[in-house]
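Here the structure comes first, spelled out in structure tokens, and everything after it is commentary.
Number of protein chains: 2
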Amino acid sequence: MEKIGKYEFIAEPFHCDFSGRLCLGHLGNDLLNAADFHSTDRGFGMKYLMTIHRSWVLSRLSIEMTEMPSQYERFTVETWVESAMRFFTQRNFQIAESNGKVYGYGRSVWAMIDTQTRQPADIFAINDGTINQWIETDKPCPIEKGDRVKMDHNAELVRTIDVYYHDIDINGHVNSIKYIEHVIDLWDISWYREHRIKRFDIAYVAETHQGDKLSFYREQTGEQTYCVRLVKTDQNTLQDTEVCRCKILFTSHLIQRPQ
Amino acid sequence: MEKIGKYEFIAEPFHCDFSGRLCLGHLGNDLLNAADFHSTDRGFGMKYLMTIHRSWVLSRLSIEMTEMPSQYERFTVETWVESAMRFFTQRNFQIAESNGKVYGYGRSVWAMIDTQTRQPADIFAINDGTINQWIETDKPCPIEKGDRVKMDHNAELVRTIDVYYHDIDINGHVNSIKYIEHVIDLWDISWYREHRIKRFDIAYVAETHQGDKLSFYREQTGEQTYCVRLVKTDQNTLQDTEVCRCKILFTSHLIQRPQ
């Protein structure tokens, strides 16, 4: 089996936005699926980990795209493990047209936890360090690693939402992709008529549960760059906890869809 | 080519809810995809219709399930046209396990519109009434047709939300499935720990656009039956318009997931 896994997806029409391009959140979901297929085929996937009370936890995700697939288009996601340490592994992605033209790249950092203690677990303990057989260092991933998102205390509270049924996945907390979608929703369609997302970085800090309120603090940090801090408020204690930070780089360079 | 189309889907892990079962909205999306594949293969799909300024518009959708696929499970959707009239067509669905056990059924009613005038268009005018070759009347769909949802004026306003970027699809208005998801979100996880949706009916009346506010009026009409009326408020005129009505039948009979 190859170190790099390659999977085909389709930009389903109802996963595309008003402009007919795949929504970034749905692309993110496809990347997570590709990661799951790749790790399952190689003996360290979620389904197996569940049986030994372990789970992968997404710690960071960065997606940088020069163009998004159009509706009905088939595209491929290649994914591979760039490095593995005891408590973290780096997994990369390449998103391309079926004919090979590259649309963009992704980088992600994953931790492993013990699902009973919720504490970090040793990645190398899985099947005698099987992940080490699959490290791929030759394949380039020519986008920068996700930096720490720096924000000051001047970020403005722009929205507070309730966490509902659809936000929660089988792990019992808000799904990683849902945060991305809620952040993207902070801008409206008139904005997206003039801008597209060139790069999206997210770093996950804490888990959010149903009943929590999520508040979004936004700060413009560059001409086309915004940072957003998500803070949950516990419904009982009213205590605030930061749950994740995002950096969004927009571009006004829109690419016309072929007719 | 067969009159009945059969397509395989997978209950993707992040399309499942806290209980590990596929969310009804994602199943609905798969049904719409199956309808699109089936009609495209037979010469009356959306992609072709776009070129002649026509579009299918979903008018009603009913889904009745005895069980929902579990995460990672592959399942099939069969779909066929039960009848076609000049302005409406009825399309049915059967959802089954790969080994054949039927999970449930769907019924839908579609209209065709002229995308320039937004007026109803003649379905039989498409390729000399090609749809008539594909009518399948022998395959049973043993669930009731969606009745008119009757509601009085005592329904209680239970939530008002803003329509955001992710609600809008390429048609420029709120996606049919998003309404279903917002309605399902009216109940919380503690409710869904004790109940599952046995049947969901939705009848679409008007379109909603970004900037509109959507209000949800709910009424309990039976022991386990609720009706919900969605009303949009135009942000400029503040005028209220009904956009759709739903009927949700719950059951307390939960089916344990195989371990």
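Here the protein sequences line up with chains W and F, keeping their order. Following this note's numbering, the residues of the first sequence are numbered contiguously, the last one being 259. Following this note's numbering, the residues of the second sequence are numbered contiguously, the last one being 1259. Here a beta-carbon is modelled for each residue, glycine too, at the ideal position from N, C-alpha and C.
Item, Value
"Ala111 (chain W) versus Leu31 (chain W): straight-line alpha-carbon distance, rounded", "16 Å"
"Backbone secondary structure at Lys1101 (chain F) - three-state DSSP", "coil"
"Chain W within 8 Å of Asn1033 (chain F), Cβ atoms only", "yes"
"Through-space distance from Met65 (chain W) to Ser252 (chain W), alpha-carbon basis", "13 Å"
"Through-space distance from Thr1076 (chain F) to Ile1095 (chain F), alpha-carbon basis", "6 Å"
"Contact list for Lys1047 (chain F) against chain W, beta-carbon separation under 7 Å", "Tyr72"
"N-terminal and C-terminal residue of the alpha helix (DSSP H) that Asp1041 (chain F) is part of", "Leu1024 to Asp1041"
"Three-state secondary structure (DSSP) of Pro1069 (chain F)", "coil"
"Continuous beta strand (DSSP E) assignments of at least 3 residues falling wholly in the segment 1150 to 1188 of chain F", "1156 to 1162"
"CB contact check: Tyr1165 (chain F) to chain W, cutoff 8 Å", "yes"
"Touch test, the segment 1080 to 1100 of chain F against the segment 1146 to 1159 of chain F, Cβ-Cβ under 8 Å, three pairs minimum", "no"
"Buried or exposed (CB count within 10 angstroms, at least 16 for buried), Pro1140 (chain F)", "exposed"
"Collapsed DSSP secondary structure at Pro1013 (chain F) in the structure displayed", "helix"
"Simplified DSSP assignment, three categories, for Lys198 (chain W)", "strand"
"Classification of Ala1125 (chain F) by the beta-carbon crowding that lies within 10 angstroms, buried from 16 upward", "exposed"
"Closer than 8 Å at the beta carbon, the chain F residues around Trp187 (chain W)", "Tyr1165"
"Proximity of Tyr1072 (chain F) and Lys213 (chain W) at Cβ, strictly below 8 Å", "no"
"Cβ separation of Thr1221 (chain F) and Cys1227 (chain F), assumed to be a contact under 8 Å, to the nearest whole Å", "5 Å"
"Three-state secondary structure assigned by DSSP to Ile52 (chain W)", "coil"
"DSSP state of Met46 (chain W) mapped onto helix, strand, coil", "helix"
"Glu223 (chain W) burial status per 10 Å Cβ neighbour count (16 or more: buried)", "exposed"
"Own chain residues within Cβ distance below 6 Å of Phe1037 (chain F), not counting five before or after", "Tyr1007"
"Whole-Å CB distance - Met85 (chain W) paired with Arg42 (chain W), under 8 Å assumed", "With a Cβ gap of about 18 Å, Met85 (chain W) and Arg42 (chain W) do not count as contacting."
"Cross-chain neighbours of Gly172 (chain W) in chain F, by beta carbon under 8 Å", "Phe1018"
"Thr51 (chain W) to Thr115 (chain W) span [Cα, whole Å]", "10 Å"
"Near-chain F residues of the segment 202 to 214 of chain W (beta-carbon distance less than 7 Å), N- to C-terminal order", "Gln210"
"Three-way DSSP call (helix, strand, coil) for Ile131 (chain W) in this model", "helix"
"Spatial distance of Ala206 (chain W) from Gln90 (chain W) (CA atoms)", "20 Å"
"Status (buried if at least 16 other CB within 10 Å, exposed otherwise) for Ser59 (chain W)", "buried"
"Residue range of the unbroken beta strand (DSSP E) whose run includes Arg1144 (chain F)", "A small correction: the amino acid at residue 1144 (chain F) is Glu; Arg does not occupy that position in the sequence shown. Neither: Glu1144 (chain F) is in no beta strand (DSSP E) and is coded neither H nor E."
"Those residues which DSSP pairs with Thr1076 (chain F) across a bridge", "F:Glu1008 and F:Ala1096"
"Arg229 (chain W): first and last residue of the uninterrupted beta strand (DSSP E) it sits in", "Thr225 to Thr233"
"Within chain W, partners of Phe1014 (chain F) - CB distance below 7 Å", "Asn29, Leu32, Asp169, Asn175 and Ile177"
"Identity of the residues DSSP links to Pro1140 (chain F) by a beta bridge", "According to DSSP, which records beta bridges pairwise, Pro1140 (chain F) is partnered with nothing at all."
"Segment contact flag, the segment 1161 to 1174 of chain F with the segment 1019 to 1031 of chain F, C-beta cutoff 8 Å, min 3 pairs", "no"
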